[in-house]
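Peer 1: This is the structure I want to talk about, given as structure tokens.
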Amino acid sequence: MTTPLLLVVAIMLVAVIWLFRQTINVKPWAQAGVGERIADGASFRAPPSAVGLAVFLAVATSLFALSVCAYFMRMMQADWTGMVFPGVLWANTVVLVLSDLAMRSARNAARRADSAAVRRDLAISGILGFVFLAGQVWAWQELNASGYFSAGTAAAISASPANSFFYLFTTLHGAHVLGGLWVWGRTTARAWQGTDALRVRVNVELCTTYWHYLLIVWLILLALLVPAVSELCRARFLV
8 MTTPLLLVVA IMLVAVIWLF RQTINVKPWA QAGVGERIAD GASFRAPPSA VGLAVFLAVA
68 TSLFALSVCA YFMRMMQADW TGMVFPGVLW ANTVVLVLSD LAMRSARNAA RRADSAAVRR
128 DLAISGILGF VFLAGQVWAW QELNASGYFS AGTAAAISAS PANSFFYLFT TLHGAHVLGG
188 LWVWGRTTAR AWQGTDALRV RVNVELCTTY WHYLLIVWLI LLALLVPAVS ELCRARFLV
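In this note's numbering, the protein residues as written are 8 to 246.
Pasting the structure below:
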């Protein structure tokens, strides 16, 4: 049973390292001759925001990895039943992919110093992010209407461990999307206010890294939530 857990953790760690390196390697602050000094007078090449993002992604990865581990361990119990999978999740996934592509386009525009394109693509990415969250709420309402999360259904969530993990995964991921949209809002406001191009570029670079992370995590969670994949894992690792 430890094999799939280690695999998921390894995938998430590799994703974090790769995404962070993609952002740090650009070094727009270094290209502009900007260096932040630390106490001993040495130059610190990465801005505090980039270091903060790296720490946050490490913590978030640990949280998601622990949730996935709990999912696999609970799956091994005898009372595990198949999960209901709302079809709207596929549409939500497409929306998140488009949001990520728009954010990537904003990053490319920032590298070209195309302020108009940056503002446009940031707006598109953020709107699609809100659409994704709305779609997730729609999925919850769909399950609620079917009686899975209804208060009138006796122990609805606890009676179906698989469905409770659906609620856990989507809520946890949605909270991280909301956090990303808050940072997106600040970055977009600076872009519209004509803030220094270098500062905007760094913020867009970091937002793009975070959007890539959100997409990768969601694709992993989505794969685990698909009933066929869940049953295959259970059949393979049940001991």
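Yeah, the Cβ is synthetic: ideal placement off N, Cα and C, and Gly gets one too.
In the structure shown, what three-state DSSP assignment does Met90 receive?
Peer 2: coil
Peer 1: Would you mind sorting Gln143 into buried or exposed? The rule is 16 or more other CB atoms within 10 Å of its CB.
Peer 2: buried
Peer 1: Around the Cβ of Leu185, are there at least 16 other Cβ atoms within 10 angstroms (buried) or fewer (exposed)?
Peer 2: Leu185 should be labelled exposed.
Peer 1: Where do the N-terminal and C-terminal ends of the alpha helix (DSSP H) with Gly192 fall, by residue?
Peer 2: Run containing Gly192: Pro168 to Trp199, per the alpha helix (DSSP H) assignment.
Peer 1: Are there three or more Cβ pairs, one per stretch, closer than 8 Å when the region 172 to 191 is compared with the region 205 to 224?
Peer 2: yes
Peer 1: Val233 by DSSP, collapsed to three states: which one?
Peer 2: Looking at Val233 - three-state DSSP - the assignment turns out to be coil, as it is neither helix nor strand.
Peer 1: Report the option in Ala169, Ala113, Val58 and Val104 whose CA atom is closest to the CA atom of Ser74.
Peer 2: Ala169
Peer 1: Excluding five sequence neighbours on each side, which residues of the same chain lie with their C-beta closer than 8 Å to the C-beta of Val104?
Peer 2: Leu222
Peer 1: What's the gap between the Cα of Thr178 and the Cα of Pro93?
Peer 2: If you take the alpha carbons of Thr178 and Pro93, they lie about 15 Å apart.
Peer 1: Which residue's Cα is closest to the Cα of Met80: Val66, Phe172, Ala152 and Gly187?
Peer 2: Phe172
Peer 1: Between Ala85, Asp107 and Gln148, which has its C-alpha nearest Leu135's C-alpha?
Peer 2: Asp107
Peer 1: Thinking C-beta only, is Leu226 closer than 8 Å to Leu96?
Peer 2: No, Cβ-Cβ distance for Leu96 and Leu226 is not below 8 Å.
Peer 1: Determine the closest residue to Asn210 out of Val190, Val224 and Trp199, with distance taken between C-alpha atoms.
Peer 2: Checking every option, the nearest Cα to that of Asn210 belongs to Val190.
Peer 1: Taking the straight line between their C-alpha atoms, what separation do you get for Asp47 and Glu212?
Peer 2: Per-residue confidence for Asp47 stands at a pLDDT of 43, beneath the threshold of 50, marking its modelled position as unreliable; no derived number is given.
Peer 1: Less than 8 Å separating the beta-carbons of Val138 and Val91?
Peer 2: no
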